[in-house]
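The numbering used here puts the first residue of the sequence shown at 3, with every later residue one more than the last.
Positions of the beta carbon are idealized from the N, C-alpha and C atoms, including for glycine.
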Amino acid sequence: MEQRKTAFVSDFDGTISDDDFFAYTTKTYFDEQALAPWRAFLAGQKTHFNALKEMFAQIHAPIGDFHALIETIRIDPDLEKTWQVCRKQDVALYICSAGNDYYIRRLIGNLLQKYNVTLVSNKGEYAPETGLVMTAPAEDYPYYDQDVGISKVKLVEKLKSERYFVVFAGDGPPDLAPAEKADIVFAKKFLLDACRLRGIKTQKFESFKDILTYFEGV
Ligand SMILES: [Mg+2]
Numbered sequence: 003m004e005q006r007k008t009a010f011v012s013d014f015d016g017t018i019s020d021d022d023f024f025a026y027t028t029k030t031y032f033d034e035q036a037l038a039p040w041r042a043f044l045a046g047q048k049t050h051f052n053a054l055k056e057m058f059a060q061i062h063a064p065i066g067d068f069h070a071l072i073e074t075i076r077i078d079p080d081l082e083k084t085w086q087v088c089r090k091q092d093v094a095l096y097i098c099s100a101g102n103d104y105y106i107r108r109l110i111g112n113l114l115q116k117y118n119v120t121l122v123s124n125k126g127e128y129a130p131e132t133g134l135v136m137t138a139p140a141e142d143y144p145y146y147d148q149d150v151g152i153s154k155v156k157l158v159e160k161l162k163s164e165r166y167f168v169v170f171a172g173d174g175p176p177d178l179a180p181a182e183k184a185d186i187v188f189a190k191k192f193l194l195d196a197c198r199l200r201g202i203k204t205q206k207f208e209s210f211k212d213i214l215t216y217f218e219g220v
C-alpha cells in the first residue's frame, strides 16, 4: 500500500513563540493612542491586516533596538528537534502566519533553511523612517485572505487536495478554520477552547515537546 504523505503546518505567534509579536510590540512601543487601529479592528471598522499594518508602521526605533526587542521573543526549545524528526520521516513542513516574515526570519530564518520549511506569511520590511511595513500577498495568491492577508485554511485545503495527511498546530482565532479541516490538531489557548466548544478533537499541547512525542511515535 502506498504510504500516506504527511504535512505539518504550524502557526508562529503564540504557537512556536511564547506570545504574539503584537503583544511584545504593544508592551514596548504602543500607548493608548497608538492602539487606535486595533480598537477600530475590534469594533469591526478595520480589517485585521490593516490594523496590524497601521500599528507596526508606528514603530520608529533605531534598527538595533528593534532587533534587540525581536530577540527577546522566546522560541519553543523543542521546535528544532521536532522539525529534525519530521524531516527524517519526510514530513512536509510549513509555517503559516497572519503576522509577517520580518521577525520570523530574524528569529528562525536559519532553521527554515536547514529543515526546508515553507513560510507562508505577509511580508515585512523595517526601517526607522518607515516603521515596519507589512505587505499582503497579491489577491491572486492561492492562500490570500482579504481580512488577515494569509488564509491558513486555503493552505490546509490545498494540502488535503494533494492527499496529504495534515497535522496542524495553533493557538488563536485565525487557526480555527484550518483546525476544522486538519487531520490532527494541536491546540492551546483560544483555539483549544474553541475546538472543545465545536467538538473538534485535539491533542495534548502544552509545548512542542508534545508534538515531538507525537511524531516520534508515528
Ligand atoms: Mg497564533
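- Summarising the contact set, residues whose Cβ lies nearer than 7 angstroms to any heavy atom of ligand 1 are, in chain order, D13, F14, D15, G16, T17, D22, G172, D173, G174 and D177.
- The alpha helix (DSSP H) runs of length 4 or more contained entirely in the region 96-150 are, from start to end of the chain, 103-116.
- S153 and Y145 do touch by the CB rule: their CB atoms are close to 5 angstroms apart, below 8 angstroms.
- Around the CB of N124, 16 or more other CB atoms lie within 10 Å, so the residue is classed as buried.
- Short of 7 angstroms from the beta carbon of K55, and not among the five residues preceding or following it, lie these beta carbons of its own chain, in chain order: M136.
- In this chain, the alpha helix (DSSP H) harbouring S163 covers K154 to S163.
- Taking 7 angstroms as the cut-off, the beta carbon of A171 is found no closer than this to the beta carbon of C197.
- When C-beta atoms of the region 112-120 are compared with those of the region 41-48, fewer than three pairs fall below 8 angstroms, so the two segments do not count as touching.
- Nearest C-alpha to A189 among F207, P176 and P175: F207.
- When the beta-carbon positions are compared, V169 and I186 come within less than 7 angstroms of each other.
- Here V93 carries a coil assignment [DSSP, helix/strand/coil].
- Within 10 angstroms of the beta-carbon of S99 lie 16 or more other beta-carbons, which makes it buried.
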